[in-house]
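Undergrad: Input: one structure, supplied below.
Number of protein chains: 4
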Amino acid sequence: MVTTRHLPIEEIAGQDATRPQREALCRVVAELAAQGWCQGTGGNFSVTLEREPVRLLITRSGVHKRYLGPGDLMLVGSGGRPVAGETVKPSAEAALHSRIVGTTGAGSVLHVHSVPNTLLGEHFVGKGGFALRGYEMLKGLEGITTHEAEVFVPVLRNSQDMDALSEEVAALLATRPGLRGFLLAGHGLYAWGDSLAQAHRHVEIFEFLFECAARRTRFAPFEG
Amino acid sequence: MVTTRHLPIEEIAGQDATRPQREALCRVVAELAAQGWCQGTGGNFSVTLEREPVRLLITRSGVHKRYLGPGDLMLVGSGGRPVAGETVKPSAEAALHSRIVGTTGAGSVLHVHSVPNTLLGEHFVGKGGFALRGYEMLKGLEGITTHEAEVFVPVLRNSQDMDALSEEVAALLATRPGLRGFLLAGHGLYAWGDSLAQAHRHVEIFEFLFECAARRTRFAPFEG
Amino acid sequence: MVTTRHLPIEEIAGQDATRPQREALCRVVAELAAQGWCQGTGGNFSVTLEREPVRLLITRSGVHKRYLGPGDLMLVGSGGRPVAGETVKPSAEAALHSRIVGTTGAGSVLHVHSVPNTLLGEHFVGKGGFALRGYEMLKGLEGITTHEAEVFVPVLRNSQDMDALSEEVAALLATRPGLRGFLLAGHGLYAWGDSLAQAHRHVEIFEFLFECAARRTRFAPFEG
Amino acid sequence: MVTTRHLPIEEIAGQDATRPQREALCRVVAELAAQGWCQGTGGNFSVTLEREPVRLLITRSGVHKRYLGPGDLMLVGSGGRPVAGETVKPSAEAALHSRIVGTTGAGSVLHVHSVPNTLLGEHFVGKGGFALRGYEMLKGLEGITTHEAEVFVPVLRNSQDMDALSEEVAALLATRPGLRGFLLAGHGLYAWGDSLAQAHRHVEIFEFLFECAARRTRFAPFEG
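Protein chains in written order, with the numbering used here: chain Y, 89 to 312; chain G, 89 to 312; chain S, 89 to 312; chain X, 89 to 312.
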């Protein structure tokens with residue numbers, strides 16, 4: 089992880105200083121895409137370069153994530169705003185990434201769409217979330233040491249107002265310090281970890297357990 | 089995109105002028121096949137070379153799409169008829185591709201078979217279609233900017249009479265100018281976009297949402 | 089296709105004369121394995137070298153099909169018996185392959201296990217089979233030209249007595265000359281075609297439609 | 089990393105003596121990961137080097153199995169304890185591997201997490217297990233020669249107390265000498281075989297049949 093406080097413009101404009109992180113993130117996104125979790129232009133992914141102030145490498149807007157390359161990533165700061173020198177648009181949800189990193193100190197934030205996470209979010213939004221318990225896989229989440237733990241997965245109502253959503257996410261994170269992921273109803277999972285590798289493991293664990301839960305859920309019938 | 093009006097016989101007979109588009113289409117079809125959406129000889133795919141008159145590169149008849157190569161594509165014009173010089177048969181459904189391009193100006197038309205799209209088409213044909221709403225993935229469809237939009241997916245009754253089906257499709261497109269896809273019952277999805285890349289994204293988004301809807305649908309029991 | 093009547097011992101023992109067919113069959117089996125249809129040591133596959141008398145290249149016993157190589161195939165004749173010079177055991181079901189080829193003149197017989205075909209066979213064995221109708225994919229089966237056709241998929245009761253099973257299959261084929269596949273209950277699909285490529289397409293089409301049917305079937309509850 | 093103290097230098101000082109087994113195990117784990125059975129850091133895998141006393145090559149703790157390399161394996165002995173010289177931690181469940189090998193003489197023990205095995209274990213733990221019968225795939229399990237056999241799959245209650253769990257597993261193995269696998273409720277499958285290849289086949293067969301059973305099981309509704 090690059091930890092310099094002040095990145096000269098030329099190091100932001102050029103990609104060389106961040107090349108290892110760019111390549112690492114692209115490899116992880118390729119894995120997530122192979123799982124079917126980045127269909128269409130869905131999903132957005134970031135790696136934290138700096139926490140104070142927040143500085144992230146994040147996927148730019150409108151790229152099909154299966155074809156993501158190191159040049160498709162850009163630098164954003166607090167509020168998800170592009171740093172000086174960046175000429176492309178970041179993912180619409182960059183503000184959420186910045187807020188999560190700013191509040192939790194996460195090393196990476198990964199947002200994926202899967203059929204189970206979409207259905208479960210839609211189904212449980214009225215209840216504000218659902219709890220997973222009794223699964224050994226829960227121990228893969230940092231901080232969980234037994235299958236007898238209960239992990240609550242909050243579900244927030246989706247919104248196109250990113251600022252409002254950021255505030256809601258910040259409030260959620262303040263009340264749940266051990267949280268590693270939440271759902272936006274009908275929109276997907278946001279998961280994070282201390283590092284890119286840990287965030288990636290967290291996504292896989294959540295998605296595995298979501299599929300288990302989804303196969304047991306009586307979803308409201310779709311009637312067209 | 090090649091935009092010449094009159095292609096000399098030698099440029100039709102040889103493939104060189106259209107090589108980039110052929111290779112691009114083959115790469116996309118390989119991705120669709122990897123998703124399981126071209127099983128058997130199912131599926132047909134086109135890229136628009138010219139809109140006025142309509143001139144398309146399209147998959148020829150009877151090829152297993154997983155093995156599609158640039159030489160398996162051919163040129164057709166209006167009505168899906170092979171241009172002068174072509175010696176092989178185009179996909180049976182070339183007329184539908186030509187009609188969609190002629191009416192919408194699409195840059196690419198992609199037709200896939202998936203288990204969810206087959207089941208949903210069969211199930212909702214009586215109602216003429218179904219609506220998808222509340223899903224963030226809908227924003228991946230060109231023209232949709234919020235998950236609160238409602239996207240109607242028309243379902244037409246299948247037919248072996250391609251001319252009649254073309255007319256029905258033309259009528260449908262005339263009444264729904266923002267349409268990006270429809271289903272033929274028990275037959276699959278036709279989706280398109282301004283470009284090959286956009287059409288590909290549209291297929292992925294539709295198929296993702298079809299799987300969500302299918303997992304919530306009480307299909308009529310199969311009793312043999 | 090090699091059509092010599094009398095293969096000298098040295099041409100049987102060496103593999104050179106049949107190398108192209110061996111490699112083609114291995115490529116197809118690799119595709120079937122990639123679909124998850126050859127789990128464990130499940131599945132057996134043959135290519136017809138000669139029809140009169142029957143002479144087939146077939147997978148030998150006990151090989152994990154995902155790792156199948158040209159050397160894992162052997163020559164068998166009528167009744168599935170190894171030809172002179174072969175030292176390994178053929179698949180237990182070689183007799184079925186020989187019987188199907190002898191009766192239908194098929195160019196290739198492919199036997200796969202899938203979750204849908206296993207469940208459907210188990211479910212419909214009491215009724216002797218089930219019918220698929222209304223699916224466009226049915227047109228991928230040789231001889232079917234419209235989705236309005238009805239294709240009956242016979243289900244035979246499984247047995248470890250290969251001779252008895254061969255007789256039953258022969259009787260079935262005699263009564264249904266257009267047949268391209270049948271199920272053995274709890275055991276899987278046998279499908280064939282005039283060529284290896286056609287047999288492969290038939291397997292894909294049957295399996296696609298089995299998944300459609302399975303998602304609509306109310307299977308008897310599993311109670312342990 | 090191997091860094092031995094007391095054991096024949098040529099056998100362990102470098103990794104060379106165990107290189108073939110390390111590479112073989114990594115290839116199998118890559119296959120299991122490709123099936124989605126090692127999500128997160130789930131799963132642990134061993135190959136038996138010696139049975140008396142027990143000496144195993146086993147995955148070390150905390151590695152994402154999709155990226156497993158030969159250097160991520162370590163030597164453990166009886167009780168799953170690292171042999172002298174090993175500096176890293178073995179999988180938490182190494183004690184179970186050692187106990188299974190010590191009791192059955194297995195050549196390899198493979199532990200995977202799948203959605204079906206997780207759901208079935210959770211569902212049938214109260215009954216202590218479930219029986220699979222009538223499936224031809226059962227013949228892929230060593231010792232089973234007919235689809236009419238009945239194979240009981242024991243389900244043990246999960247626990248974080250590895251010593252207690254080892255004793256329970258030993259008791260189970262003592263009462264069921266033909267056993268090739270069991271489930272830990274909500275935790276996954278332990279399967280083994282005389283060799284790595286046989287253990288791998290057993291995992292595939294169990295998982296295939298678990299998916300068949302799971303699609304017929306009325307799981308308790310998930311209500312959040």
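Where is the CB? At the ideal position from N, CA and C, for every residue including glycine.
Excluding the 5 residues preceding and the 5 following R148/X in the sequence, name in chain order all residues of the same chain whose CB lies nearer than 8 Å to its CB.
TA: Once the five neighbours on either side are set aside, the close Cβ partners of R148/X are D160, L161, M162, V176, K177, P178 and S179.
Undergrad: Note down, in chain order, each residue of its chain lying with its Cβ closer than 6 Å to the Cβ of C300/X, except the 5 sequence neighbours on either side.
TA: Taken in chain order, the list of residues that qualify is empty.
Undergrad: With DSSP collapsed to three states, give me the class of V171/Y.
TA: Coil.
Undergrad: With H, G and I counted as helix, E and B as strand and the rest as coil, what does DSSP make of S149/Y?
TA: If DSSP states are grouped into helix, strand and coil, S149/Y belongs with coil.
Undergrad: Does F307/S have its Cβ less than 8 Å from a Cβ in chain X?
TA: Taking Cβ atoms only, chain X reaches closer than 8 Å to F307/S, which makes this a yes.
Undergrad: Report yes or no: is there a C-beta of chain G within less than 8 Å of the C-beta of I97/S?
TA: At I97/S, the pLDDT of 43 sits below 50, so the modelled position is not reliable and the matter cannot be decided from this model.
Undergrad: Is there at least one Cβ from chain Y nearer than 8 Å to A301/X's Cβ?
TA: Taking Cβ atoms only, chain Y never reaches closer than 8 Å to A301/X, which makes this a no.
Undergrad: Counting only beta-carbon atoms, is I293/Y nearer than 8 Å to chain X?
TA: By this cut-off, I293/Y is an interface position.
Undergrad: At 8 Å on the CB atoms, spell out the chain G contacts of A219/S, in chain order.
TA: Neighbours of A219/S on chain G, chain order: G312.
Undergrad: Counting pairs of Cβ atoms below 8 Å between the stretch 304 to 312 of chain G and the stretch 228 to 246 of chain G, do you hit three or more?
TA: They do not touch, by the three-pair rule.
Undergrad: Alpha carbons only, please: which of L272/Y, V164/Y and L220/Y is nearest the one belonging to A302/Y?
TA: Ranking the options by Cα distance to A302/Y, first place goes to L220/Y.
Undergrad: Pick out the complete beta strand (DSSP E) segments inside the stretch 209 to 237 of chain Y, 3 residues or longer, and give them in chain order.
TA: The qualifying runs are 217 to 221.
Undergrad: At a CB-CB cut-off below 7 Å, which residues of chain S make contact with N246/G?
TA: Under the 7 Å cutoff, chain S gives E224 and H235.
Undergrad: Using beta carbons (cut-off 8 Å, strictly below), is H201/S in contact with chain X?
TA: True, the Cβ-Cβ gap to chain X drops below 8 Å.
Undergrad: Go to E138/S, then tell me how far its beta strand (DSSP E) extends in each direction, as first and last residue.
TA: Start and end: N132 to R139.
Undergrad: With burial defined as no fewer than 16 other Cβ atoms inside 10 Å of the residue's Cβ, what is the status of P265/G: buried or exposed?
TA: P265/G should be labelled exposed.
Undergrad: For the beta strand (DSSP E) that contains G190/X, what are its first and last residues?
TA: No beta strand (DSSP E) contains G190/X, which is instead part of the alpha helix (DSSP H) from A182 to T192.
Undergrad: Check whether the Cβ of P141/G lies closer than 7 Å to any heavy atom of the ligand NAD, and answer yes or no.
TA: This structure lacks the ligand NAD; in fact it carries no ligand of any kind.
Undergrad: Which word fits A273/S, buried or exposed, when buried means at least 16 other C-beta atoms lie within 10 angstroms of its C-beta?
TA: The residue in question, A273/S, is buried, as its Cβ has 16 or more Cβ neighbours within 10 Å.
Undergrad: Tell me the DSSP secondary structure of A308/G in three-state form.
TA: Coil.
Undergrad: Any C-beta of chain Y sitting closer than 8 Å to the C-beta of G216/X?
TA: For G216/X, the answer is no, since every Cβ of chain Y falls outside 8 Å of its Cβ.
Undergrad: Is there contact here, the stretch 271 to 291 of chain Y with the stretch 222 to 238 of chain Y, by at least three beta-carbon pairs under 8 Å?
TA: Touching, per the Cβ criterion.
Undergrad: Give a yes or no on whether the minimum CB-CB distance between F270/G and chain Y is below 8 Å.
TA: Answer no: the Cβ-Cβ gap between F270/G and chain Y never drops below 8 Å.
Undergrad: Grab me the residues of A121/X's own chain with a C-beta within less than 7 Å of its C-beta, minus the 5 sequence neighbours each way, in chain order.
TA: Excluding residues within five positions, the ones whose Cβ falls inside 7 Å are K153 and R154.
Undergrad: Using DSSP with H/G/I as helix, E/B as strand and the rest coil, what is H94/S?
TA: Residue confidence is low: H94/S scores 45 on pLDDT, short of 50, so the model does not pin down where it sits. Its coordinate-derived value is still stated next. It is coil, neither helix nor strand.
Undergrad: DSSP beta-bridge partners for V142/Y?
TA: The partner list for V142/Y (beta bridge, DSSP) reads R139/Y.
Undergrad: With burial defined as no fewer than 16 other Cβ atoms inside 10 Å of the residue's Cβ, what is the status of Q127/X: buried or exposed?
TA: By the neighbour-count rule (16 or more Cβ atoms within 10 Å), Q127/X is buried.
Undergrad: Is G131/S close to chain G, meaning its C-beta is less than 8 Å from at least one C-beta of that chain?
TA: Chain G contact via Cβ: absent.
Undergrad: Does the beta carbon of H185/Y come closer than 8 Å to any beta carbon on chain G?
TA: Taking Cβ atoms only, chain G never reaches closer than 8 Å to H185/Y, which makes this a no.
Undergrad: Assuming contact is defined by CB atoms lying nearer than 8 Å, are H185/X and G131/X in contact in what I supplied?
TA: Not closer than 8 Å, so no.
Undergrad: Please say whether L261/X and I338/X have beta carbons closer to each other than 8 Å?
TA: The question about residue 338/X has no answer, for chain X in this structure spans 89 to 312.
Undergrad: Are the beta-carbon atoms belonging to V117/G and L156/G less than 8 Å from one another?
TA: Against a cut-off of 8 Å, the Cβ pair of L156/G and V117/G comes out as a contact.
Undergrad: Applying the 10 Å Cβ sphere with the 16-neighbour rule, what's the burial state of A183/Y?
TA: Classification for A183/Y: buried.
Undergrad: Please name the residues in the stretch 116 to 141 of chain X whose beta-carbon is closer than 7 Å to at least one beta-carbon of chain Y, in chain order.
TA: Listed by position along the chain: Q127, G128, T129 and G130.
Undergrad: Can you find a C-beta in chain X that's less than 8 Å from the C-beta of M89/Y?
TA: Its pLDDT being 39, under 50, M89/Y is placed unreliably by the model, and the measurement read from it follows with that caveat. Cβ-Cβ to chain X under 8 Å: no for M89/Y.
Undergrad: CB-CB under 8 Å to E140/X, same chain, minus the five flanking residues each way: which ones, in chain order?
TA: Cβ neighbours of E140/X beyond the five flanking positions: none.
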